[in-house]
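Presented below is the structure to which this report refers.
Protein chains: 6
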Amino acid sequence: MLNRNIETFIGCGAAYRDAKIVLFGAPYDSTTSFRPGARFGPRAMRGESFGIETYSPYQDKDLEDIAVFDSGDLELSFGDVKSALRDIEKRAAVIIKDGKKPVMLGGEHLVTLGAVRAAAAKHPDLHIVHFDAHADLRDDYLGAKLSHACVIRRCHEILGDGRIYQFGIRSGERSEFRWASEGRTAMRKFDFETLPETLTKLAGKPVYLTVDLDVLDPSQFSGTGTPEAGGVSFLELLYAVLEVCARTDVVAADLNELAPALDPGGSSTALACKLLRELLLAL
Amino acid sequence: MLNRNIETFIGCGAAYRDAKIVLFGAPYDSTTSFRPGARFGPRAMRGESFGIETYSPYQDKDLEDIAVFDSGDLELSFGDVKSALRDIEKRAAVIIKDGKKPVMLGGEHLVTLGAVRAAAAKHPDLHIVHFDAHADLRDDYLGAKLSHACVIRRCHEILGDGRIYQFGIRSGERSEFRWASEGRTAMRKFDFETLPETLTKLAGKPVYLTVDLDVLDPSQFSGTGTPEAGGVSFLELLYAVLEVCARTDVVAADLNELAPALDPGGSSTALACKLLRELLLAL
Amino acid sequence: MLNRNIETFIGCGAAYRDAKIVLFGAPYDSTTSFRPGARFGPRAMRGESFGIETYSPYQDKDLEDIAVFDSGDLELSFGDVKSALRDIEKRAAVIIKDGKKPVMLGGEHLVTLGAVRAAAAKHPDLHIVHFDAHADLRDDYLGAKLSHACVIRRCHEILGDGRIYQFGIRSGERSEFRWASEGRTAMRKFDFETLPETLTKLAGKPVYLTVDLDVLDPSQFSGTGTPEAGGVSFLELLYAVLEVCARTDVVAADLNELAPALDPGGSSTALACKLLRELLLAL
Amino acid sequence: MLNRNIETFIGCGAAYRDAKIVLFGAPYDSTTSFRPGARFGPRAMRGESFGIETYSPYQDKDLEDIAVFDSGDLELSFGDVKSALRDIEKRAAVIIKDGKKPVMLGGEHLVTLGAVRAAAAKHPDLHIVHFDAHADLRDDYLGAKLSHACVIRRCHEILGDGRIYQFGIRSGERSEFRWASEGRTAMRKFDFETLPETLTKLAGKPVYLTVDLDVLDPSQFSGTGTPEAGGVSFLELLYAVLEVCARTDVVAADLNELAPALDPGGSSTALACKLLRELLLAL
Amino acid sequence: MLNRNIETFIGCGAAYRDAKIVLFGAPYDSTTSFRPGARFGPRAMRGESFGIETYSPYQDKDLEDIAVFDSGDLELSFGDVKSALRDIEKRAAVIIKDGKKPVMLGGEHLVTLGAVRAAAAKHPDLHIVHFDAHADLRDDYLGAKLSHACVIRRCHEILGDGRIYQFGIRSGERSEFRWASEGRTAMRKFDFETLPETLTKLAGKPVYLTVDLDVLDPSQFSGTGTPEAGGVSFLELLYAVLEVCARTDVVAADLNELAPALDPGGSSTALACKLLRELLLAL
Amino acid sequence: MLNRNIETFIGCGAAYRDAKIVLFGAPYDSTTSFRPGARFGPRAMRGESFGIETYSPYQDKDLEDIAVFDSGDLELSFGDVKSALRDIEKRAAVIIKDGKKPVMLGGEHLVTLGAVRAAAAKHPDLHIVHFDAHADLRDDYLGAKLSHACVIRRCHEILGDGRIYQFGIRSGERSEFRWASEGRTAMRKFDFETLPETLTKLAGKPVYLTVDLDVLDPSQFSGTGTPEAGGVSFLELLYAVLEVCARTDVVAADLNELAPALDPGGSSTALACKLLRELLLAL
């Protein structure tokens, strides 16, 4: 008898009960204000993952040796932001309740809010490490509070001052930079230079790691809706991610804002796959 | 002294007070469930309009002889559907109040709802002539009532049975076709064959003409989010539009669902520009 | 507990034991002599199938009412043609043995040979109805006997004279046309005009229906490696397929030569999905 | 000893002295006012010609049986229109002097002027048959007399009234249509309906056949700088070209305005190759 | 009453009389010898500018605080190089006469010649700082003196020896490098290493800053007609531009050779927008 | 009399008997397991080579001063791997026999095997210097021994232990890295850091230099079938190639895996052309 067609990210074939990590996709980009397309990110990553290997020469580890379960994409309601965020929160909460780590693939960055709600419910002392080109600290965007441009501001409302660490930021309104500098978040502009001391502070603390892939320079990651020149390199991002995983207790993570159609040659999607492999191996 | 940069659709340089027709863009595609990008339609049409001429050899008329004002694009809030529809309704209402005809460029098809509200407020006897590949008659889409897939159903709630005439429909759920056939709308599948008798019925009546450009066959119009093979040709659509304008009292109109990035060669945008020219000349 | 990620063609969610029809993909294009990329056809069709509906207004039927199982793609060895064809033959043979009809998604046209072998083993009186722009009747191509350009010639070696009916052919070497005209195959150039009388002859006979999608005019189907102007329209092809299913005993079928990357706007993939839906409903 | 790399259009391998027809490319698009790229037309056609066959099932003839020489592309000076036209005229004149027929591959349509000069010098009674979407009858374009938009007007200055027959025209300024209708040219709008009676008039006369490929509907030929919806089909154009060749004395011909990068899937280039094959076989 | 559609570069909404800086576009690429498309640069930059912010975290300044007027694009005659350059010169001269700084958006690099003529007329002691991959020092290109490949040579004819400083050059004919090395221009190959000492020399002097964006490595700027591997990074270029503005008297500037269609993902256009923002803030 | 159309890589116009270096293309990608398209590499390089110059400012040398002959592309049989490799071997053997150096343009990396066979037959002491992202050391790939993923393993069967030096490797199965580390090959992961000491060892020895262009970071070279983030820069690769040429006796070389359609903007092809120019000048 033949099998039904199953498609998972490469090397993520564990049974759910054995899995330490559970992948899910949040294919949503309804509030994207510029170029949409991040909704196609998770599906593209699964398909293109077969262009990379399960083995990492960076960490000398293999996905075949760890247990990851890929639970597929949520079906989210475009045009109904609140219900979409609720569905994301529920999925993350189930995974956390079952003692596993959720790794979410966006989608636009707003989806992080749903997963942070679930993680904060479980870990009252949650901190966020945020890699991004954009500050995402607006109070509203054309009147909308639930917008990708406001997502870290909304997370701050849950966690409060001093719990969010931002790196690589190189775009925002003047007021966002001002607001951050008033002690709301710890913001490192442009690069990761202060990451080591941050990680010293966060040692052993529960951390939600959210990576807006546009923190990368567009030369390496052009497949995103709002490319910002002057970003970090893949290797800088890779080592930053590995460091966060090694020195804090990452309880949940996400990769966001891959819009595959904007880089039809596929380099951006391939990079995202490789980064996901490294993240899964490092968790 | 130099002029500020002004960009209008070709031949639409009349003063507002002289204009009989007022163009505006509704660059919104937040509820699009498949491939987004219709938000870029109106801007693309303005830019590409300079590849066509103001003169129509089909009607032997010239845009230079009529008075059209291009009021530009609305700035609509992605992720806040209700406020976006309110802004559209307001713009259309102002134009109608000033005794001019609004011609709206979408955006996804949901934007029609805003303009229909304004037109129906002015014309209680309003009828809709609807050219589309999709029935757009769902009651909700993944729980959302304000979705592109429900727009004609929402319009029906305003106008009631027997006031909506659909042509070219070749896609939908079984329940949509059933619902229509119960006397809700007059639906002609696949083509325009019954248009002449419909127009006889509608002679002299106020009509809102809404054109989802995916009524065209994808061979001629691939630049749209949900292409459906088996559609009408450009010339069939052109003559259908000219007939509606000639035989009824079109009080408002729209062209929707051009997603220019999906046809980077530009043929779809050029076709939409040409159809808009013909519509403006025929109104 | 969460489900593993399953991805099937829309509406093909039946259990294997209940299924009357079994889909499988043959993502192979190793002998393609011009533009490769057909290997990505089946996966693209599954993903894009969610842009169409399960209901057909052409046949007034719904995929939800019939039982189709999608067994996913074979993993075929590029660069080892014989083993690839063997794997295809095996998959088709299992499905046929279980009393179900295989519907194969290519891949280049050579994959047909594997499935025809399986079907001919079961049905000694098998006939082939072949829709294509190209004759595919070469004896060899640069010395290779197992090439997409030779696939119908190889099928002829199995079935013999007078068992193959070709329609829509508009490209080939002079010698291919000559060879066909010597009674080897019944070839209708350019269109389907003689299809009705062919179907009268084939009434009740077991038929393998193979559709090289480049039989379509490139205006409607540009996403293929060797587009040939002057082809048939979607509606002509649709009705031809429906006729074949209605008037003969189609025991197996395939759709080939969609190369989705060559039509990045997606119209070709969407058309292929729609044709597959209609084929499944008609079988 | 190895051969130098030679690249000709498929089947055009005759020796110069034996050739009846000589191909050359005029890769120039310097005056293109909208989307440039026609300069890459001839090179693309050579490369893609290996996707078609030398045999025509339409005419049952084979390029292998006739003698065509491909003399490659001229190196034309961008930004110096006069010298570019001079170089084209010289190449055409040499070919004509040697008793062969020049077939030129543009480039933008302005290149026709150079070849028409050479043909008119040899054939004082020259007529032009012109297939195009655009009238190309402007007296100047932003002050420039040597522009693609003026090319037929410039040819008229050489040939005078009543010697130019235009077909398929569906775009232009009002003044161009007026000017034509004053007896300057014989213009058939939109299609080829009056071609048969024109050819009766032109029987036995020396004809320059110039084909701006945008006469085709953009559904079949999107790879051109100024696509105009509502054009003719490939088969209509094919049979029109065959008729002109069969019923008049075509002394020179050209195919223009293929801009291959605007149709990256390759259908437009493939169509142009096929049309060129048929033209060469018909001459 | 509604406003006419106005489209300016983001944050450039000052009144003309208040403006210190005036933007204008020179959408011309008629002499481009390889891949054209730079004509679409200025329009693309305006449209895409809404993907960046008005605030610069690099300079901690905001476009909202300075006064820039965007006077739109010139309408230049393709195929008539002299008249195009005259129109550019006139526009620049008006702006300079009114005591404002012109910032021109190309177009191909030849447009610089028009603006340099205007600037040199006003500032007899004008110097040029030139960032580019290509030397642009040919005396002629296929006979044409007014070609993008000759533009700096033509500027040298106006300014004479020792007034032109070139950086980043990594392509040209041997004779161009020789000619420069004979004291004609000061040329720094590959990078900006000698920029500081140059700026010391130029302190207080009137400078025309011309940036051919292909000085950037194609990894960051692939949207240009002649990409040359081995270029500078965005940050290197950014700081070089800021230094020139800080340490000399930049009286006019331009950014050239963005061909947006060659980087459809939009990273190149976004980078150009960001660089323009920084340039405007630094002037 | 006119010349036949000849198309060679820029500056490679020497007569065969005078040439020291002979170029040929091996347009084959039949075993490519992910994205095909490398078959179009050599043709694209010839066409795009006219966007670069013959002069190198890096080496201060000019192609016009050396003697290179371009013998065009082999016509290889897709789907028949063995015969394709035989044809490649023959071409390389002829060139070597005539006392010239073959430089081959792939195609997928498997083509290297054919040329290595010819070079090893002539030079029993042959060593390979291998720049690549992928180890290419699998014993088989889905059962196929002749696959791009196995090519260096196959070369090892010819040359034996300690004769192959790999650089830049950052992808492979764990077993490949293990196998290499058992003394089979000398593998430097990620970069060229140990190249100098390798070249000291190889001084004066006959070397086959094989460059899989995906050793480059995808930011600079996205036009390849399997992009791997974290690669070397163009300048690093350029200087590595120059060093190998300067310090060993390179008897044959190849550049592989350019798939031009995956980088339609052309930067990857332009880079490959530039690297080839530098390689030819350095040999």
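Line order of the protein sequences matches chains A, B, C, D, E and F.
For the first sequence, the working numbering begins at 319 and goes up steadily by one.
For the second sequence, the working numbering begins at 319 and goes up steadily by one.
For the third sequence, the working numbering begins at 319 and goes up steadily by one.
For the fourth sequence, the working numbering begins at 319 and goes up steadily by one.
For the fifth sequence, the working numbering begins at 319 and goes up steadily by one.
For the sixth sequence, the working numbering begins at 319 and goes up steadily by one.
Yeah, the Cβ is synthetic: ideal placement off N, Cα and C, and Gly gets one too.
Please read these numbers as outputs of a predicted model, since none were measured by experiment.
Give me the Cα-Cα distance between residue i and residue j, rounded to the nearest whole angstrom.
| i | j | result |
| --- | --- | --- |
| C:Asp347 | E:Ala590 | 41 Å |
| B:Glu475 | D:Pro354 | 49 Å |
| E:His427 | E:Asn574 | 6 Å |
| A:Trp497 | A:Val469 | 14 Å |
| F:Gly556 | F:Leu593 | According to the sequence shown, residue 556 of chain F is Leu rather than Gly. If you take the alpha carbons of F:Leu556 and F:Leu593, they lie about 7 Å apart. |
| A:Phe387 | A:Gly343 | 12 Å |
| B:Ile413 | B:Val399 | 22 Å |
| A:Thr528 | B:Leu527 | 46 Å |
| A:Ala571 | A:Ser389 | 15 Å |
| B:Ala410 | B:Gly432 | 8 Å |
Using a Cβ cut-off of 7 Å, pull out every chain F residue sitting near residue i, in sequence order please.
| i | result |
| --- | --- |
| C:Asp398 | Gly461 and Ala462 |
| C:Ser540 | Neighbours of C:Ser540 on chain F: none; closest Cβ ~14 Å, over 7 Å. |
Can you name, in chain order, every residue of its own chain whose Cβ lies under 6 Å from the Cβ of residue i, other than the five neighbours on each side?
| i | result |
| --- | --- |
| D:Ala402 | Tyr346, Leu394 and Ser395 |
| A:Thr512 | Arg506 |
| E:Pro360 | Gly343, Pro345, Asp391 and Leu423 |
Considering only the alpha carbon of each residue, which of the options lies closest to residue i?
| i | options | result |
| --- | --- | --- |
| E:Ile446 | E:Thr516, E:Arg361, E:Leu576 and E:Asp378 | E:Thr516 |
| A:Gly480 | A:Leu464, A:His448 and A:Lys418 | A:His448 |
| E:Arg364 | E:Asp391, E:Leu460 and E:Tyr373 | E:Asp391 |
| C:Val559 | C:Asp581, C:Leu599 and C:Ser537 | C:Leu599 |
| D:Gly424 | D:Lys463, D:Arg357, D:Thr372 and D:Ala438 | D:Arg357 |
| C:Gly486 | C:Ser540, C:Lys507 and C:Ala411 | C:Lys507 |
| F:Ala451 | A:Asp454, A:Pro375 and A:Ala579 | A:Pro375 |
| C:Asp509 | C:Ser585, C:Leu444, C:Gly549 and C:Tyr334 | C:Gly549 |
| F:Val429 | F:Arg404, F:Lys379 and F:Asp581 | F:Arg404 |
Below 8 Å on the Cβ atoms is my guess for residue i versus residue j; work out the distance and round it to an integer in Å.
| i | j | result |
| --- | --- | --- |
| A:Pro514 | A:His441 | About 23 Å separates the two Cβ atoms, so there is no contact after all. |
| F:Leu531 | F:Thr544 | No, F:Leu531 and F:Thr544 are not in contact; Cβ-Cβ is about 11 Å, not under 8 Å. |
Taking Cβ-Cβ distances shorter than 9 Å, what residues in chain E pair up with residue i?
| i | result |
| --- | --- |
| D:Glu511 | What D:Glu511 touches in chain E: nothing, since even the nearest Cβ is about 34 Å away. |
In chain E, which residues lie less than 7 Å from residue i when you measure between Cβ atoms?
| i | result |
| --- | --- |
| A:Pro545 | Gly584, Ser585 and Ala588 |
| F:Pro578 | Within 7 Å Cβ-Cβ: nothing; F:Pro578 doesn't reach chain E, min ~13 Å. |
Kindly list, in the order they appear in chain D, the residues whose Cβ is closer than 8 Å to that of residue i.
| i | result |
| --- | --- |
| F:Gly549 | What F:Gly549 touches in chain D: nothing, since even the nearest Cβ is about 26 Å away. |
| E:Glu393 | Leu460 |
If I measure Cβ to Cβ from residue i and keep anything under 7 Å in the same chain, skipping five residues before and after, which residues do I get?
| i | result |
| --- | --- |
| B:Lys418 | Ala337, Lys338, Ile339 and Val340 |
| D:Gln538 | Ser551, Phe552 and Leu589 |
Near residue i, which residues of its chain fall below 8 Å by C-beta distance, leaving aside the five closest residues on each side in sequence?
| i | result |
| --- | --- |
| E:Arg565 | Leu517, Thr518, Leu520 and Ala521 |
For residue i, which residues in chain A fall below 8 Å Cβ to Cβ?
| i | result |
| --- | --- |
| C:Val340 | Leu320 |
Using a C-beta to C-beta distance shorter than 8 Å, which residues of chain E count as neighbours of residue i?
| i | result |
| --- | --- |
| D:Ser348 | Ser348, Thr349, Phe396 and Gly397 |
Please list the partners that residue i has in chain B, where partner means a Cβ-to-Cβ separation under 8 Å.
| i | result |
| --- | --- |
| C:Asp380 | Arg492 |
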